[in-house]
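In the UniProt record's numbering, the protein residues as written are 5 to 236.
Here a beta-carbon is modelled for each residue, glycine too, at the ideal position from N, C-alpha and C.
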Amino acid sequence: LLSNRLKSVASFLPKNAVFADIGSDHAYLPCFVCLNDIQAIAIAGEINEGPYQSAKRTVEELGLTERVQVRKGNGLEVVEQGEVGQVIVAGMGGSLISTILEQGKEKLKGTNRIITQPNVDALAIRKWFFNNDFKLVDELILEEDGHIYEILVADKGKEMVHYTNVNKQDEFLFGPFLLREKAVPFKQKWLSEKVKREQALNQMKKANVPDKAKIELFENEIKSIQEVLVND
Ligand code: SAM
């Protein structure tokens, strides 16, 4: 059975999707999609031998070898330009996800939607979308088994709606959709992020040569988090 996290990621694919799942591990997500949508076609990309073999096994066991191709390689190097309409990168840190997108930029020319699920550092992905003409069209935050996950969905096209007002930096940090909604897991997440930053700040201030820029960044973020949590 697929986790709610991955089911939610999959829910942002169109019907009859032709898509790539980069860092697919067991290939559970593409197999789930293809079992539920007989027109869907997927590429499962994996850089590591172990997960690559697991992915191949899952696909064979489910009889999906005609529609889920498992390919070994780094990031988007496993797809040809224009080969897939949608790209999924889930279950990694936001900076790794944005590196994968950046290194595979050329391959994304025919891609109309990118769905990401960063475990941390969603901000790096929002910035990448913004700087690379993918506009954020939806965000979701959910809790499963004590973890909080964010899902960011962007479609090809210039960003015209978000990050335009005085709250630009806050919107990058919190996510414009998530900030508007302030769902329960959002509040849980930012309460714990605030505590983490306060603890880190205390440590930083004790250093022999305090990193002033970082201290200022953390102080500003703590202030922003406080405002977001209070103005509810
Ligand atoms: N996407 C699945 C999910 O969300 O449950 C698996 C997440 S798992 C934590 C991350 C997977 O990405 C691992 O199987 C790892 O081998 C793979 N991976 C990491 N860096 C990668 C890269 N540059 N290209 C392709 N796969 C990568």
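Given residue i as reference, the closest of the options once Cα atoms are compared
i	options	result
residue 30	120, 7 and 20	7
residue 119	182, 100, 140 and 55	140
residue 137	149, 150, 143 and 117	117
residue 46	164, 108, 155 and 59	59
residue 39	61, 217, 67 and 236	67
residue 175	122, 34 and 126	126
residue 65	36, 93 and 80	36
residue 34	166, 178 and 13	13
residue 81	130, 93, 145 and 104	104
residue 131	108, 101 and 28	101
residue 75	142, 114 and 26	26
residue 5	62, 158 and 147	62
residue 9	109, 85 and 154	154
residue 110	173, 158, 85 and 28	85
residue 192	106, 145 and 133	145
residue 236	164, 185, 122 and 121	185
residue 227	215, 197, 214 and 216	197
Inter-residue spacing [alpha-carbon to alpha-carbon] between residue i and residue j
i	j	result
residue 211	residue 222	15 Å
residue 90	residue 187	27 Å
residue 202	residue 160	37 Å
residue 199	residue 190	14 Å
residue 194	residue 70	44 Å
residue 229	residue 88	38 Å
residue 225	residue 48	37 Å
residue 23	residue 234	41 Å
residue 11	residue 151	15 Å
residue 41	residue 18	10 Å
residue 183	residue 231	11 Å
residue 93	residue 113	16 Å
residue 129	residue 177	10 Å
residue 54	residue 78	14 Å
residue 52	residue 95	15 Å
residue 179	residue 162	17 Å
residue 83	residue 134	23 Å
residue 108	residue 172	27 Å
residue 216	residue 106	30 Å
residue 164	residue 121	23 Å
Cβ neighbours of residue i in the same chain (closer than 6 Å, five flanking residues each side left out)
i	result
residue 43	20
residue 157	16, 119, 141 and 142
residue 56	50 and 76
Spatial neighbours of residue i in its chain, beta-carbon cut-off 8 Å, leaving aside the 5 residues before and after
i	result
residue 219	205, 208 and 209
residue 115	88, 89, 90, 91 and 160
Own chain residues within Cβ distance below 7 Å of residue i, not counting five before or after
i	result
residue 124	97 and 98
residue 72	31, 34, 35, 38, 46, 48 and 63
residue 148	7, 8 and 9
residue 28	34, 48, 49, 50 and 59
residue 166	140, 175 and 180
Residue i Cβ short of 7 Å to the ligand NAP heavy atom set
i	result
residue 28	Among the ligands present in this structure, namely the ligand SAM, the ligand NAP is not found.
> For the stretch 66-131, which segments carrying the beta strand (DSSP E) assignment without a break, of at least 3 residues, lie completely within its bounds, in sequence order?
Replying inline: 72-76, 90-96 and 117-122
> Unbroken alpha helix (DSSP H) runs of length 4 or more, entirely within the stretch 178-206: which are they?
Replying inline: The alpha helix (DSSP H) runs of length 4 or more contained entirely in the stretch 178-206 are, from start to end of the chain, 180-185.
> What are the start and end residues of each continuous beta strand (DSSP E) run of 3 or more residues lying completely inside the stretch 135-180, in chain order?
Replying inline: 138-148 and 151-160
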